[in-house]
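A short write-up of the structure that comes next.
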Amino acid sequence: MKTYIILFTIALFWTTSGMAQSEKKKIREGNDLFEKKDYSAAEVEYRKALEAKPNYYKGTFNLGDALYEQENYAESGKLFNEVAGSNLSDKETSAAHYNLGNSLLKEKKYEESIEAYKNALRKNPTDENARYNLEYARQMLKQQQNQDQNKDQNKDQNKDQDKKDQDEQDQNKDQNKDQDKKEDQNKDQQDKKDQSKDQNQDKQDQQQQQQPLQISKQDAQKMMDALKNDEKKTLQKLQKEKAKATRGVKTDIDW
């Protein structure tokens, strides 16, 4: 990608003042270093030129070039934008817009870079580099928009999937909760049944303890007959024993 740089000739500044010659020297030295790709050293010389003459657009422009080559695109863009707003020739203004477009393009600010290249072509319609970069920026913008759209779609899909997973988890949680509740209810019912069963058993035991022994009439008669037989036998036994005792006693006394 081409980047414009303003290179000066000594003839351009022969009639300027001493300060102009000093700043011209610094810019020339900066340009020599720039051509040697020593961009950091070139930056130093361009800044010295601006110290000699603040707001000197040529020093500002070339300083922007040096910063651009050091990949300081944000700062270089500010400088190119400053130059583009100055009252310059169409060619110089077009160059400033072109370099501004390059800085913005590096920052992936494609819409802004497209506008900068358009401004460059408005001032210099024959600039093929600006026309080429304009088309390139448009393609990059389209690609970025497609990527953003895919990213949004993936984000929405992931969000929907996360919601679906969460709903399933909540549903499973509710089902487990209902199952636990049902088990608790069954346990309570079983406990009540066991308790009722125990109470009924206790009641039956108590009733059996309190209820008198029930016997049939036939069994009662047998028991009475047995008692009578026992009494008869006992009476007979007593009578026999009494008789024995009587026989042993003398009733006639011999005096």
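Residue numbers (this note's numbering): 1 to 255.
For each residue, glycine too, the CB sits at the ideal point set by N, CA and C.
Query	Result
Give every residue of the same chain whose Cβ lies closer than 6 Å to the Cβ of Thr-251, excluding the five residues on either side of it in the sequence, and list them in chain order.	In this prediction, Thr-251 has a pLDDT of 31, which is less than 50 and means its spatial position is unreliable; what the coordinates show is noted afterwards. There are no such residues.
To which residues of the same chain is Leu-105 closer than 6 Å at the C-beta, ignoring the five residues directly before and after it?	Ser-113, Ala-137
Is the beta carbon of Ala-74 sitting closer than 8 Å to the one on Glu-115?	no
Count the other CB atoms within 10 Å of the CB of Ala-226; is the residue buried (16 or more) or exposed (fewer)?	exposed
Identify whether Lys-217 lies in helix, strand or coil by the three-state DSSP scheme.	helix
So Asn-124 and Asp-90 are in contact, right, with Cβ under 8 Å, and what is the actual spacing, rounded?	6 Å
Just checking my contact of Leu-50 with Ala-41 at CB under 8 Å: how many whole Å lie between their CB atoms?	Wrong, their Cβ atoms sit about 15 Å apart, outside the cutoff.
Reducing DSSP to helix, strand and coil, say where Asp-38 ends up.	coil
Smallest Cα separation from Asp-131: which of Tyr-46, Asp-148, Gln-147, Asn-99?	Note that residue 131 corresponds to Arg in the displayed sequence, not to Asp. Among Tyr-46, Asp-148, Gln-147, Asn-99, the Cα nearest to that of Arg-131 belongs to Asn-99.
Tell me where the alpha helix (DSSP H) around Lys-123 begins and ends.	110–123
Give the straight-line distance between the Cα atoms of Lys-240 and Asp-230, rounded to the nearest whole angstrom.	15 Å
Which same chain residues end up closer than 7 Å to Met-224 when comparing Cβ atoms and leaving out the 5 residues on each side of it in sequence?	none
For Thr-93, collect the residues of the same chain with a Cβ closer than 7 Å to its Cβ; drop the 5 residues on either side in sequence, then sort them by chain order.	Ala-84, Lys-123
Mind checking whether the beta-carbon of Gln-153 lies closer than 7 Å to any heavy atom of the ligand ZN?	The model on display carries no ligand, and the ligand ZN is accordingly not part of it.
Please name the residue in Asp-165, Glu-43, Gln-139, Lys-151 whose C-alpha comes closest to that of Lys-109.	Gln-139
How would you label Leu-238, buried or exposed, when you count the other beta carbons within 10 angstroms and need 16 or more for buried?	exposed
At which residues does the alpha helix (DSSP H) containing Tyr-73 begin and terminate?	73–84
Between the alpha carbons of Asn-200 and Asp-180, how many angstroms are there, rounded?	30 Å
Could you compute how far the alpha carbon of Lys-25 sits from the alpha carbon of Asn-150?	53 Å
Roughly how many whole angstroms lie between the Cα atoms of Glu-35 and Gln-21?	21 Å
Grouping DSSP H, G and I as helix and E and B as strand, with all else coil, what is Asp-194?	helix
Within its chain, find whatever has a CB closer than 7 Å to the CB of Glu-23; leave out the 5 residues flanking it on each side and keep chain order.	Ala-49, Ala-52, Lys-53, Tyr-56, Gly-59
Whole angstroms is fine: what's the gap from Lys-164's alpha carbon to Glu-183's?	28 Å
Using 10 angstroms around the beta-carbon of Asn-146, count the other beta-carbons present and answer buried if the total reaches 16, otherwise exposed.	exposed
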